[in-house]
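To start, the structure itself, in structure tokens.
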Amino acid sequence: MAHTVRIWDLPTRLFHWSLAASVIGLVVTAKMGGNAMVWHFRLGYAVMALLLFRIVWGLVGGRWSRFSAFFYSPARLLRYLRGHGHADDSVGHSPLGALSVFALLALLGAQVGTGLLSDDEIAFAGPLTRFVSGEVVGQATGYHKDVGQYLLLALVALHVVAILYYVFARRQKLVAPMVGGDKQLPAPSPASRDDTLSRLGAAVVLGLSSGVAWWVSGLGAF
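Every number in my numbering is 30 more than the matching position in the sequence shown, counting from 1.
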């Protein structure tokens with residue numbers, strides 16, 4: 031008998047799809063250049079706000095959205111890779127999926143951080159460039175436009191390939207739960223909190239995160 035369990039709360043789902051859309055927009059605007067860079071910066075601040083939100087929500091969000099729910103030990107990851115995983119490994123993020131999530135968050139954080147310190151020496155400069163030396167700006171710009179960009183694209187591509195593998199080869203439904211929130215499980219499992227109060231709390235967290243991103247965006251104007 032299958033058990034329907036709320037795994038992904040609404041704030042987590044909105045974060046996931048908003049981040050995906052923003053990253054696509056960042057790639058497109060970066061390749062277009064020119065006036066599109068105005069939107070590249072705006073989307074960069076949006077991603078910054080989303081990342082700040084996810085960090086906080088990873089501490090106080092729904093049961094399966096918290097970092098503690100998918101912070102696995104190396105031994106547990108090894109057992110999973112050997113095909114001897116725990117029953118909970120398939121509820122939220124699997125040990126392998128958790129690695130992908132943390133890597134994506136780290137690379138996106140690095141990309142946003144270096145973007146704030148980048149200068150194209152033509153028309154656009156990050157708001158934090160005035161606080162550091164020209165050498166730091168040069169290094170940040172180089173990473174942001176070269177190494178960081180390709181590392182992020184490679185990891186995103188790997189993430190998509192992994193999802194396709196699990197969906198088509200292993201017949202696991204990964205996309206539908208991230209849309210509707212619920213997952214069909216073979217055994218009962220604790221559900222994530224996803225009520226009106228938690229959603230209002232998430233809205234407050236997102237508002238504060240957006241305020242921080244807005245404040246950072248204005249530092250270059252002083």
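The beta-carbon is built from N, C-alpha and C at its ideal position, and this holds for glycine as well.
Reference residue i; option with closest CA among the options
| i | options | result |
| --- | --- | --- |
| Leu82 | Leu249, Gly250 and Val234 | Val234 |
| Pro207 | Ala66, Gly74 and Arg43 | Arg43 |
| Val177 | Leu137, Leu126 and Arg201 | Leu137 |
| Gly64 | Leu183, Pro104 and Ala153 | Ala153 |
| Ala184 | Gly237, Val53, Pro41 and Ala232 | Val53 |
| Ser228 | Val86, Ser120 and Val35 | Val86 |
| Ile37 | Ala232, Lys213, Pro218 and Gly231 | Lys213 |
| Pro41 | Gly237, Ser124 and His114 | Gly237 |
| Ala60 | Pro220, His174, His114 and Leu108 | His174 |
| Phe97 | Pro125, Phe198 and Arg112 | Pro125 |
| Ser247 | Ile193, Leu158 and Ser163 | Leu158 |
| Ala128 | Ala99, Gly210 and Ala199 | Ala99 |
| Arg200 | Thr34, His70 and Gly113 | Gly113 |
| Gln202 | His123, Ser239, Met67 and Gly231 | His123 |
| Ala232 | Arg84, Ala51 and Val68 | Arg84 |
Residue i to residue j span [Cα, whole Å]
| i | j | result |
| --- | --- | --- |
| Ser48 | Ala32 | 30 Å |
| Ser148 | Tyr102 | 35 Å |
| Val186 | Leu134 | 8 Å |
| Arg160 | Gly139 | 20 Å |
| Gly156 | Gly250 | 7 Å |
| Ser120 | Ala79 | 29 Å |
| Leu181 | His46 | 20 Å |
| Asp39 | Gln179 | 30 Å |
| Tyr110 | Glu151 | 48 Å |
| Ala105 | Val131 | 18 Å |
| Ile193 | Pro218 | 24 Å |
| His70 | Leu56 | 5 Å |
| Ala117 | Val35 | 15 Å |
| Val166 | Leu108 | 39 Å |
| Val58 | Met67 | 10 Å |
Residue i - containing beta strand (DSSP E), residue span
| i | result |
| --- | --- |
| Leu215 | Asp212 to Leu215 |
| Arg36 | His33 to Arg36 |
Delimiting residues of the alpha helix (DSSP H) encompassing residue i
| i | result |
| --- | --- |
| Ser48 | Leu40 to Met62 |
| Val86 | Ala66 to Val90 |
Residue ranges of each alpha helix (DSSP H) run of no fewer than 4 residues wholly in the region 103–185, ordered along the chain?
104–111, 125–146 and 164–172
Does the count of Cβ pairs from the region 165–180 and the region 139–151 closer than 8 Å reach three?
yes
Restricting to runs no shorter than 3 residues, where is the beta strand (DSSP E) found entirely within the region 209–249?
212–215
With three or more C-beta pairs closer than 8 Å as the rule, is the region 74–94 touching the region 235–249?
yes
Given 8 Å, three or more beta-carbon pairs between the region 89–100 and the region 221–232:
yes
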